[in-house]
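Here the structure is laid out as structure tokens; the discussion comes afterwards.
Next comes the structure, spelled out in structure tokens:
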């Protein structure tokens, strides 16, 4: 039978979660610096006064929408990592939200923000 994580293990996972959070923040900053803060002219590299071709505008808009989608995913990841840090502090990290059994350490290392064991995750994905 699997057992709950020790305080030492919780501290190790806290380091993993904090490192992952730092990586996500760096990615988010990169996305926002490259895309969200630039005008369409700057993003395309066009500094001329000529109007855009419709295909160029469409491509720029697609790229911008794609980057906004990435930024949204990064924001969700940050929320999940913050939630994992809160669970570490509360002592509930590594316990499945559905079946209340311990989540395997292998899964937690792969997905530090995991709230569900593999069996419960699979059940939810089938729905």
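Residue numbers (my numbering): 11 to 137.
Heads up, the beta-carbon is just placed ideally off N, CA and C, and yes, glycines get one too.
Checklist entry - So residue 24 and residue 98 are in contact, right, with Cβ under 8 Å, and what is the actual spacing, rounded? => result 5 Å
Checklist entry - Is the region 123–135 touching the region 35–42, taking contact as three or more C-beta pairs under 8 Å? => result no
Next on the checklist: Am I right that residue 27 and residue 112 are in contact with their C-beta atoms under 8 Å? What's the rounded C-beta distance?
Outcome noted: Wrong, their Cβ atoms sit about 17 Å apart, outside the cutoff.
Next on the checklist: Cutting at 7 Å between CB atoms, please list the residues of its own chain near residue 118, excluding the five before and the five after it.
Outcome noted: 23, 104, 124
Item to check | Cα-Cα separation, residue 120 to residue 73 | outcome: 30 Å
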